[in-house]
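Quick notes on the structure that follows.
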Amino acid sequence: MGLGSFFKRNNDKVEESHIEISNADCNGSSCEKCVIACPNNVLAKDGDDTVVGNAFACKHCRVCEAICPNDCITVN
Ligand code: SF4
Ligand code: SF4
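Be aware that the sequence shown starts at 4, since it is given in the working numbering, and climbs by one per residue.
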């Protein structure tokens with residue numbers, strides 16, 4: 004499982020956020036849709052796993068969540 008923490012701004016508050024990837028359901032290197040789709044290069048391949056490479060670059064757009072065919076990714 005890949006897990007990354009970062010902080011997001013919500014109006015005037017800064018909140019801790021997380022990206023969670025369930026590698027048990029991930030199609031791994033045969034997919035890579037989330038890695039390619041992320042506009043901020045947050046996600047990366049690590050062997051057959053998909054991992055959070057740079058959580059601090061995440062802008063909380065949730066494109067990765069939407070594009071994953073197996074619902075592996077949760078951004079909150
Ligand atoms: S929420 Fe957006 S910026 Fe963050 S990892 Fe997913 S696609 Fe990338
Ligand atoms: S889009 Fe989903 S299934 Fe595809 S590599 Fe990313 S987490 Fe894995």
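For each residue, glycine too, the CB sits at the ideal point set by N, CA and C.
Nothing here was measured: the structure is a model prediction, and the numbers come from that model.
Looking at the secondary structure, which residues open and close the alpha helix (DSSP H) in which residue i lies?
| i | result |
| --- | --- |
| K36 | K36 to A40 |
| V66 | V66 to I70 |
Using the C-alpha atoms, what's the distance from residue j back to residue i?
| i | j | result |
| --- | --- | --- |
| A27 | C64 | 24 Å |
| G31 | I76 | 13 Å |
| E68 | D52 | 16 Å |
| G56 | V45 | 5 Å |
Would the beta-carbon of residue i fall within 9 Å of that of residue j?
| i | j | result |
| --- | --- | --- |
| K62 | N79 | no |
| V66 | A40 | yes |
| A58 | I24 | no |
| C29 | I70 | no |
Quick check on the DSSP output: the beta strand (DSSP E) that includes residue i runs from which residue to which?
| i | result |
| --- | --- |
| A47 | L46 to D49 |
| D52 | D52 to V55 |
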